[in-house]
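Accompanying notes for the structure given below.
There are 2 protein chains.
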Amino acid sequence: MKWTLAARAEKMNPSAIREILKVTERPNVISLAGGLPSPKTFPVSAFAQACADVLANDGQAALQYAASEGYAPLRRAVADMLPWDVNPDQVLITTGSQQGLDLIAKVLLDPGSKVLVETPTYLGALQAFSPMEPQAVSVASDGEGVLPDDLTAKAEGGRFVYLLPNFQNPTGRTMSEARRAAVSAAAQAAGLPIVEDNPYGDLWFDEAPPLPLTARNPEGCIYLGSFSKILAPGLRLGFLVAPKAIYPKLLQAKQAVDLHTPIFTQRMVSAVMKDGFLDRHVPTIRALYKQQRDAMVAALQREFGVDGQPLDAERPLGGQRGHAVPSVGARRPGLDVEFNVPKGGMFLWLRMPEGIDSTALLAQAVERNVAFVPGAPFYAGEPDTRTLRLSFVTATVEQIDTAIAALAATVREALAHRTAAQITQQLAAA
Amino acid sequence: MKWTLAARAEKMNPSAIREILKVTERPNVISLAGGLPSPKTFPVSAFAQACADVLANDGQAALQYAASEGYAPLRRAVADMLPWDVNPDQVLITTGSQQGLDLIAKVLLDPGSKVLVETPTYLGALQAFSPMEPQAVSVASDGEGVLPDDLTAKAEGGRFVYLLPNFQNPTGRTMSEARRAAVSAAAQAAGLPIVEDNPYGDLWFDEAPPLPLTARNPEGCIYLGSFSKILAPGLRLGFLVAPKAIYPKLLQAKQAVDLHTPIFTQRMVSAVMKDGFLDRHVPTIRALYKQQRDAMVAALQREFGVDGQPLDAERPLGGQRGHAVPSVGARRPGLDVEFNVPKGGMFLWLRMPEGIDSTALLAQAVERNVAFVPGAPFYAGEPDTRTLRLSFVTATVEQIDTAIAALAATVREALAHRTAAQITQQLAAA
């Protein structure tokens, strides 16, 4: 049988990382790789009550086909919880915010269209855009996100710039108030729409991040949000807010894709959110993740012998200047390792010493029962192959301590091998 | 702000029918338009028990991110319930079978690719394929589906043929055993893959339909199934079965679209299906829908004064020869109306008298508080504007009687106006 693939499908390849990460499902491996929220934070009993209530009160409607736009009370709740004036008519409920990226790509990207992204950027966005065959252009970025001047320089002909301003995946960095103002102004001056992705914004540790970019210019932005990190990812419930100029097209694309997001899960979440549940629940997630972030930073300081690093626009690490996190225990000798101290979210970004390729390192780390995600796939342009992403939310504090020690041992071993190899080479050349 | 749309999005237009059908949400309108399963058939209490069990036993896992392929026990259950030898590894759980159509389009259709469809075909498939900008080619069809000779004539260069062999949407027609054998042979001879959509196959009234086309040639077919019609559509749960040659690409497309289908609803359905629940439940749906089909056929006979029609390949109505459904009550004078008597599913297809355009008729029908879907949008090629689709599953028997009487009155009035207009014209011309 002759299956002729579409050109876009010919380019799809099984993710090398995905294959490596399958190994991490071995029972003894502590994974700092996946972006899995801590299951401890899932409000299981509240969901049980919500399911029972929804089925008892509205069982038939909760199981019937429903509107493509989403469940009206949930759209109102989304509009109400956002920190700018949002009309519920502009809210589209999506099957996870990942689906929002797919819809946006369908509506805004032709083959060869230029789409601007951060350096590095969320891998899932690159994957969602890719079937529409755009040209992804990496905008120079530092620890606060994209640099406005480079955005201006590259904006010409761009369909949109994709930004994740809060506790970015993968770097954990956050765009400052001043940077937001500058980026918003640069985008408006260039007539460049912004797609703002904000799955982590509620997971701040000490203070809420600045207002979203969309709040500054709602007509020029599409905003993506998610219930995955504040309630549970397994429901696949997200939303987008789009201006009137573009909403009807996104709605039509949504209808063609899955008719509507499951109405049962929409009603579940709507029921759970009643009576200010999130106001009580989200602070418990923040407290847990902050504790785990602190544990990871302390372990990194101890095991790698270095503090969280200041930023460097020329050689952007992508984090904030080190917090006053107490160093715990005796430090090992310092290595040429950099890492940031994220102010929220789920991820921390490291740069390994000169000569270490983090993709090669992963196989060795898995031998020591620790896993991470190499940084290279997050770059639309030339990757920094020394970088890697750690999640501090899935593993416990004890697991984090064990895993970071194992990671440091892996790096020290790799460096020792490298030195030995260099000596051998030098001897051979002598 | 300059929003530049993708070419595919420029072509998306709000569905005229969707706009008209919004009117049908008025309280007094009896809608025979939407394809909404009867909510009476939703096993609300079984779902309530399943939710409670899933959250009590596996709450955290049921709310966490999950595999893109789908929940393993559900994939096994799907493989087990299909009437040919299916490896669970070839099953991909989708967010409704509509999503399967989107994934297939992404993986198999380039702009301009030829995709073959029935005459008429499922509108939602045309909508799902459309963003990939294929050329949809209508294959001549009669009351048993596509004609093998025309399929052969048009197969050259086609990426696949999309077929809905059981109780088709919109016509209600079913492909006979002989036609399946001929179509399968024609597709294989031409090296043309088949995408087989089977959302209604379990809803047979007197006897199960013949084996799926996929069972005859699994390597040459992608099969789409759904839980929407046998359990509940509001969960948006469907699946596809694809050969090894194409499965990995569909999986990658799935991952980019929404990471995975909600694991909570997958586990709900898996829990509900335990212990042979469907074997007890589905017969109750069949019995209800058969009773409602009978009521609609009887009402059509009475109000339009005609029987269900035999088929005519030259002028394909798309139904089976009239069943022995008892005529109820005195018949009104016969009109030049044709309709089929479907052997299962949810829909019945009518052809109005000469001179009636069913799209124009809809506005008049809504004035009499009855709604249907005009047939024209279901045609990829030249539409038969006299056709329309009626659903017999959402309305009760009493509502069906009232609605068909109102529909017949609308048609008689339209014909009378037409005759009056013709006489006026003739007088004016005289």
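The listed protein sequences derive, respectively, from chains Z and E. Numbering that gives the first Met the number 0 applies: residue 0 is where the first sequence begins, and numbers increase by one. Numbering that gives the first Met the number 0 applies: residue 0 is where the second sequence begins, and numbers increase by one. Positions of the beta carbon are idealized from the N, C-alpha and C atoms, including for glycine. Since the structure is predicted, the reported quantities are computational estimates derived from the model, not experimental observations.
DSSP lists V116/E and V194/E as the bridge partner or partners of Y161/E. Against chain Z, the CB of M11/E has a partner CB under 7 Å away; the residue lies at that interface. Among the bridge pairs identified by DSSP, C50/Z is matched with none. Proximity of L108/Z to chain E, defined by a Cβ-Cβ separation below 7 Å, is satisfied.
Taking D383/Z as the centre and dropping the five residues before and after it, the same chain places the C-beta of P119, R350, G374 and A375 closer than 8 Å to its C-beta, in chain order.
Counted as a single uninterrupted DSSP element, the beta strand (DSSP E) harbouring S137/Z occupies residues Q134 to S137. Around Q254/E, the beta-carbon contacts reaching into chain Z at under 8 Å are Q126. The stretch 53-67 of chain E makes no contact with the stretch 212-226 of chain E: fewer than 3 CB pairs, one atom from each, lie closer than 8 Å. In this structure, V256/Z is the residue among A359/Z, S129/Z, V256/Z and A408/Z with its C-alpha nearest to the C-alpha of T93/Z. Chain order gives the chain E residues near T264/Z as P261, F263 and T264, where near means a beta carbon separation below 7 Å. If you draw a straight line from the Cα of G111/Z to the Cα of P133/Z, it comes to about 4 Å.
For the C-beta of V43/Z, the chain E residues within less than 8 Å are, from N- to C-terminus, L54, G58, Q59 and L62. Per DSSP, R350/E is one residue of the beta strand (DSSP E) stretching across F346 to R350.
In chain order, A65, G69, Y70, L73, I92 and L236 place their CB closer than 8 Å to the CB of Q265/Z, counting only its own chain and leaving out the 5 sequence neighbours on each side. In the structure shown, E381/Z falls within a coil segment according to DSSP collapsed to helix, strand and coil. Between S390/Z and F346/Z, the gap from beta carbon to beta carbon is short of 7 Å.
For I355/Z, there is no enclosing alpha helix (DSSP H), as DSSP marks it with neither H nor E.
Under the DSSP assignment, V256/E falls in the alpha helix (DSSP H) whose first and last residues are Y246 to D257. Contact between L54/E and A47/Z holds, with the beta-carbon distance rounding to 4 Å and staying under 8 Å. Interface with chain E (7 Å Cβ-Cβ cutoff): F276/Z is excluded. Distance from F128/Z to L108/Z at the Cβ level is roughly 6 Å; contact confirmed, criterion being Cβ atoms closer than 8 Å. Annotation: T151/E to L125/E spans about 21 Å, alpha carbon to alpha carbon. Taking every protein chain shown into account, the CB of Q425/E has fewer than 16 other CB atoms within 10 angstroms, so this residue is exposed. Counting the other Cβ atoms within 10 Å of the Cβ of I422/Z gives fewer than 16, which makes it exposed. For M272/Z, there are no C-beta contacts with chain E under 7 Å, since the nearest C-beta of that chain is about 15 Å from it. In the DSSP secondary-structure assignment, G224/Z is bridged to F238/Z.
Within the stretch 80-106 of chain Z, the residues whose Cβ lies closer than 9 Å to some Cβ of chain E are T93, T94, G95, Q97, Q98, L100, D101, A104, K105 and V106, listed in chain order.
Burial check for P332/E: the Cβ neighbour count within 10 Å stays below 16, so the residue is exposed. Interface residue (Cβ-Cβ distance to chain Z less than 7 Å): P232/E is classified as such. The Cβ atoms of A139/E and L146/E lie closer than 7 Å to each other. Using beta-carbon distances, P341/Z does not count as an interface residue toward chain E, since no partner is under 7 Å.
Contact of L73/E with chain Z is not assigned, every C-beta pair being separated by 7 Å or more. In chain order, A71, R74, R75, V77 and A78 place their CB closer than 8 Å to the CB of P87/Z, counting only its own chain and leaving out the 5 sequence neighbours on each side.
DSSP places S96/Z in the helix class (H, G or I) of the three-state scheme. If one requires a minimum length of 3 residues, the beta strand (DSSP E) runs lying completely within the stretch 53-108 of chain E are 90-93, in chain order. In the displayed model, R388/E falls within a strand according to three-state DSSP.
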